[in-house]
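Scroll down for the structure; my scribbles are underneath it.
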Amino acid sequence: MRKKNYIPYFLISISSVILLSCAATKIPAGNIMQIQNLSTVMKDVDRFTGKRILLGGLAGGASSDKLLIVSEKPLDITGKPQTYLPGNGYFLIDTGSEYSGGTPISVFGEVIGTREEDFEGGKKKYLLLKSIEIYQWEKPKGCLTLRPMISIGIEGTL
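FYI, in the working numbering the residues of the sequence shown are 1003 to 1160.
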C-alpha cells in the first residue's frame, strides 16, 4: 500500500492563503526599516529619529495639538494591523486627516522623536511620527475578526 504525499496540498493551501488573504499596501517596501513593534523603537528612539518606519494599529482620537493617537497592533505580512492581537502601547501621528475611532490604519512615516501627552489619566511619553502615507483598512464586521484557515488533508486544520 502506497503512502499518500500531502506536501503538495499543504504548499498549495499556504500559497493560496498568502495570495488571497489581504490587499497589499501601496507603501514602497525598500524605504522601510524592518521594525518588529513599537517597543523596539521606544527602547532607542534616538537611533530611529529621522528614519522611515511602518507601524499600524487602531486610530483613536486627536490629542491637544491635532495629533492622531493610534493604539499600536502588530502587522501581518501585507502590512495590515492584526486587531485581534495585543499591542504595545500608543503612538502619535502628525497628520492633517481625521479618522473615526477604531479604524485600522497602517502608517508609513518618519520618526520625529517623542512627545509627552496627557492621555488616559496621566502624562506619558509617546513616539511621534510625521506621516508620509496612511493606508486605511476596512473595519472588521461584527465582533469576530475572520482569519483564513489552512486545511491539511483530512487530518485537521491549523
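We treat Cβ as the ideally placed atom computed from N, Cα and C, and that holds for glycine.
The model shown is predicted, which means the values in this text are computed figures rather than measured ones.
Closest by CA to residue i, which one among the options?
i       : options                            : result
Asp1046 : Lys1082, Gly1081, Val1113          : Val1113
Ser1133 : Met1044, Pro1088, Phe1093, Thr1080 : Phe1093
Tyr1128 : Ile1071, Gly1058, Gly1052          : Ile1071
Ile1136 : Leu1040, Tyr1101, Gly1123          : Tyr1101
Ser1041 : Gly1098, Gly1052, Ser1073          : Ser1073
State buried or exposed for residue i, treating a residue as buried only when at least 16 other CB atoms are found within 10 Å of its CB.
i       : result
Tyr1086 : exposed
Gly1111 : buried
Ser1108 : buried
Gly1088 : Reading the sequence as shown, one finds Pro at residue 1088 and not Gly. Label assigned to Pro1088: exposed.
Gly1058 : buried
Lys1075 : buried
Lys1082 : buried
Gly1062 : buried
Taking just the CA atoms, how far does residue j sit from residue i?
i       : j       : result
Pro1161 : Lys1126 : Outside the shown range of the chain (1003 to 1160) lies residue 1161, about which nothing can therefore be said.
Glu1140 : Leu1077 : 15 Å
Asp1120 : Ile1079 : 33 Å
Asn1090 : Lys1068 : 22 Å
Gln1138 : Asn1039 : 19 Å
Thr1096 : Glu1118 : Strictly speaking, residue 1096 in this sequence is Asp, with Thr absent from that position. Using only the alpha carbons, I get a separation of about 14 Å.
In this structure, how does DSSP classify residue i when only helix, strand and coil are distinguished?
i       : result
Thr1116 : strand
Asp1078 : coil
Leu1069 : coil
Ser1102 : coil
Leu1040 : helix
Ser1046 : Contrary to the premise, residue 1046 reads as Asp rather than Ser in this sequence. Note: Asp1046 maps to coil in three-state DSSP.
Glu1140 : coil
Gly1123 : coil
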